[in-house]
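Student: Once you've had a glance at the structure underneath, I'll fire off some questions.
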Amino acid sequence: MSQASEFFPSIGSLVEKTKDVPDESAEAARDDEERPVQEIESLCMNCEQQGMTRMLLTSIPYFREVIIMSFRCEHCGFQNNEIQSAGEIRPEGTVYTARVMSKGDLNRQIVKAATATVIIPEFELTIPPARGQLTTVEGLLRDIVEDLSFQQPVRRIQDEAAYNKIQEIVDGLTEIVGEKDGETRAGDDEEKLPRSITVKLDDPAGNSFVEFVGSMADPKWNLRTYHRTKQQNIDLGLIAPDEADEATNAETTEGARVLQPFQKDGAADDAPVNDNEEIFVFPGNCSSCGHSLNTLMKKVNIPYFKDILIMSTNCDRCGYRDNEVKAGSAISEKGKRITLKVEDKEDLSRDILKSETSGLTIPEIDLVLQAGTLGGRFTTLEGILDQVYEELSEKVFTTGDSTLHDDDDKKNFETFLKSLKEVKNVDRPFTLIIDDPLANSYLQNIYAPDPDPNMTVETYERSWEQNEDLGLNDMKVEGYENDSAGEAIREEENLAA
């Protein structure tokens with residue numbers, strides 16, 4: 001570990017070591033192998049003369065080791081810079097989200113890898129993967145403005161509609177960062193910007209980074225990880241295309257029989273079928289783009305619990321995804337309340353089934369989710385807390401909330417989000433309570449079949465109001481045959497009359 005830290009010293013330590021070194025000493029030490037900056041003659045792609053590329057191996061705090069490269073040509077003045085990861089590709093992709101609301105938010109450091117996509121939802125703007133950059137939010141926005149403005153005079157003549165759309169984005173970003181590069185706004189870092197935006201960095205390689213302020217509990221900053229798709233693995237060079245084709249063909253073969261009961265090899269055609277192995281396909285349309293798609297449904301048995309139905313929807317055209325969980329067994333006679341004391345990060349990996357009828361409470365931060373919030377979800381404790389945080393932060397920072405009338409309300413809500421971030425990272429112990437009147441929710445007992453010392457499960461009788469809300473008071477499950485027969489006789493009498 002010490003050797004790695006010496007090979008990749010931090011940026012701050014490099015500045016301290018080299019700030020007092022005169023130019024003559026640096027020039028004399030150019031061939032010294034221990035010098036932190038390496039210089040290599042390179043061909044300038046602009047004038048085809050020899051320029052100079054400078055390479056620096058360094059580490060970014062709370063991130064990883066990187067290689068910073070800077071090129072400059074003394075003949076034509078062309079210059080360029082790029083950043084590459086010096087570590088391995090992460091097992092999961094990452095999505096960094098930063099809310100840019102004040103002047104200080106423009107100073108957040110950004111590492112944009114060559115595999116990262118930049119998304120600004122407020123402008124419906126998506127920047128595809130390009131060269132790697134070590135910059136700030138302000139620098140990134142200025143680069144976007146410069147790139148979009150480059151061909152605007154030509155667009156104005158050839159395609160006025162495209163010109164107007166792009167110019168709207170350019171004007172909006174210019175309003176945020178100022179007219180000129182290096183322009184300093186009056187006021188402190190808390191000064192509000194003319195408009196707030198959201199900057200997302202989606203990197204399937206996991207090599208990008210957005211700086212947080214203070215700690216990872218920063219309410220304007222969020223990190224989410226996800227599993228890469230096969231195509232993303234192909235693009236990253238982790239899977240050969242032919243291997244991916246074989247996997248796709250295998251899935252296609254499997255998909256051709258999803259409407260048929262699954263049988264093990266060697267079983268007779270009339271052998272009984274295990275219902276839990278059958279997958280149902282329901283055709284429909286995407287709620288986002290309207291393209292036709294299929295919704296898959298499968299029954300799953302959760303050990304020490306009951307059967308559930310998992311429904312998954314995935315649109316290949318626009319990327320829309322959704323999944324939902326429904327109970328797959330009879331209505332329970334009693335409700336269930338699950339209480340878990342979360343003390344370390346291992347508890348975040350517990351599986352959790354939150355049904356659409358259950359509420360979720362964390363008393364330490366006054367978080368109360370009513371029944372129906374987030375719908376039915378089968379995920380982990382970490383996943384459900386991530387979803388809660390994203391929903392709440394999206395509501396306040398992106399769309400705004402009419403219930404937050406003044407700055408004090410927003411500051412209080414930012415404080416709440418910071419507390420939720422601390423809970424999400426288990427920086428403090430907390431209590432999770434899941435209350436489900438239909439007892440269709442589940443929280444994994446990692447000690448099963450033995451009792452879990454940190455979790456209590458209690459059942460209770462539903463109140464009349466709860467049965468009324470669930471529609472159980474008017475539900476009749478016995479003797480309805482006579483009612484149906486009576487209705488049929490009355491219909492025949494009415495017809496005869």
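So for the sequence shown, UniProt numbering puts the first residue at 1; every next one is plus one. Even for Gly, the Cβ is constructed at its ideal location relative to N, Cα and C. Just so it is clear, the structure is predicted and the values come from calculations on it, not from any experiment.
Please classify residue 545: does DSSP put it in a helix, a strand, or coil?
Tutor: No answer is possible for residue 545: the residues shown for the chain start at 1 and end at 497.
Student: Distance check for VAL388 and GLU492, CA to CA, integer angstroms please.
Tutor: Translated into positions along the sequence shown, residue 492 becomes position 492. Translated into positions along the sequence shown, residue 388 becomes position 388. Approximately 55 Å between the Cα atoms of the pair.
Student: Between the beta-carbon of LYS334 and the beta-carbon of ARG428, is there less than 9 Å?
Tutor: Looking up residue 334 in the sequence shown gives position 334. Looking up residue 428 in the sequence shown gives position 428. No.
Student: In chain order, what residues of the same chain have a beta carbon less than 7 Å from the beta carbon of SER292, not counting five sequence neighbours either side?
Tutor: By 1-based counting over the sequence shown, the position of residue 292 is 292. PRO283 and ASN285.
Student: Give me, in chain order, the residues of the same chain whose beta-carbon lies closer than 7 Å to that of THR379; leave out the 5 immediate sequence neighbours on both sides.
Tutor: Within the sequence shown, the letter at position 379 stands for residue 379. Here THR379 has ILE352 as same chain residues with Cβ atoms under 7 Å from its own Cβ, once five neighbours each way along the sequence are excluded.
Student: Looking at C-alpha atoms only, which residue of SER42, CYS76, GLU82 and GLN49 is the closest neighbour of LEU56?
Tutor: In the sequence shown, residue 56 corresponds to position 56, counting from 1. Here the closest residue by C-alpha is GLU82.
Student: How would you call MET69, buried or exposed, if buried means at least 16 neighbouring beta carbons within 10 angstroms?
Tutor: Reading the sequence shown from its first residue, position 69 is the one you call residue 69. So MET69 ends up on the buried side.
Student: Excluding the five sequence neighbours on either side, which residues of its own chain have a C-beta within less than 6 Å of the C-beta of ARG155, listed in chain order?
Tutor: One-based indexing of the sequence shown puts residue 155 at position 155. For ARG155, where only same-chain residues beyond five positions count, the Cβ hits under 6 Å are ALA162 and TYR163.
Student: Please list, in chain order, all residues of the same chain as GLN50 whose beta carbon is under 6 Å from its beta carbon, the five residues on each side excluded.
Tutor: For this step, residue 50 is matched to residue 50 along the sequence shown. Result list for GLN50: GLU41, in chain order.
Student: Measuring straight from C-alpha to C-alpha, what distance separates LYS230 and PRO204?
Tutor: To locate residue 230, count along the sequence shown from 1; it is residue 230. To locate residue 204, count along the sequence shown from 1; it is residue 204. In a straight line, the C-alpha of LYS230 is about 11 Å away from that of PRO204.
Student: What are the boundary residues of the alpha helix (DSSP H) that includes residue 545?
Tutor: Coverage of the chain is limited to positions 1 through 497, which leaves residue 545 absent and any answer about it impossible.
Student: For THR373, which three-state DSSP category applies?
Tutor: Within the sequence shown, residue 373 is the residue found at index 373, counting from 1. Of the three classes helix, strand and coil, the one that applies to THR373 here is coil, per DSSP.
Student: Helix, strand or coil: which one does DSSP assign to GLN387?
Tutor: Counted from its first residue, the sequence shown places residue 387 at position 387. Helix at GLN387.
Student: When we look at the beta-carbon of ASP436 and count the other beta-carbons within 10 Å, is it buried (16 or more) or exposed?
Tutor: Position 436 of the sequence shown, counting from 1, holds the residue named residue 436. ASP436 comes out buried.
Student: Please report how far the alpha carbon of THR252 lies from the alpha carbon of MET297, in whole angstroms.
Tutor: Reading the sequence shown from its first residue, position 252 is the one you call residue 252. Reading the sequence shown from its first residue, position 297 is the one you call residue 297. Because the pLDDT of THR252 is 40, which lies under 50, any placement of that residue in the model is unreliable, and the number read from its coordinates should be weighed accordingly. Each residue's alpha carbon lies about 17 Å from the other.
Student: What first and last residue would you give for the beta strand (DSSP E) that runs through GLY93?
Tutor: Counted from its first residue, the sequence shown places residue 93 at position 93. GLY93 -> beta strand (DSSP E) spans 93-102.
Student: Take CYS318 as the anchor and find which of SER287, ASP344 and ALA327 has the nearest alpha-carbon.
Tutor: For this step, residue 318 is matched to residue 318 along the sequence shown. For CYS318, the nearest C-alpha among the options comes from SER287.
Student: Are THR115 and ARG224 close, meaning C-beta to C-beta below 9 Å?
Tutor: Taking the first residue of the sequence shown as position 1, residue 115 is located at position 115. Taking the first residue of the sequence shown as position 1, residue 224 is located at position 224. Going by C-beta atoms, THR115 is not nearer than 9 Å to ARG224.
Student: Please name the residue or residues paired with LEU201 in a DSSP beta bridge.
Tutor: The residue labelled residue 201 in the question sits at position 201 within the sequence shown. In the DSSP output, where bridge partners are listed per residue, LEU201 has TYR96 and VAL118.
Student: How would you call ASN473, buried or exposed, if buried means at least 16 neighbouring beta carbons within 10 angstroms?
Tutor: Residue numbering aside, residue 473 sits at position 473 when the sequence shown is read from its first letter. Exposed.
Student: With burial defined as no fewer than 16 other Cβ atoms inside 10 Å of the residue's Cβ, what is the status of PHE413: buried or exposed?
Tutor: Along the sequence shown, one-based indexing puts residue 413 at 413. PHE413 should be labelled buried.
Student: Taking the beta carbon of GLY375 as the centre, do at least 16 other beta carbons fall within 10 Å, making it buried, or is it exposed?
Tutor: As a working mapping, residue 375 is identified with position 375 in the sequence shown. That one is exposed.
Student: Going by beta carbon distance, what residues of the same chain come within less than 6 Å of TRP221, once the five residues before and after it are set aside?
Tutor: For the purposes of this step, residue 221 is taken as residue 221 along the sequence shown, with counting starting at 1. Excluding residues within five positions, the ones whose Cβ falls inside 6 Å are ALA98 and PHE212.
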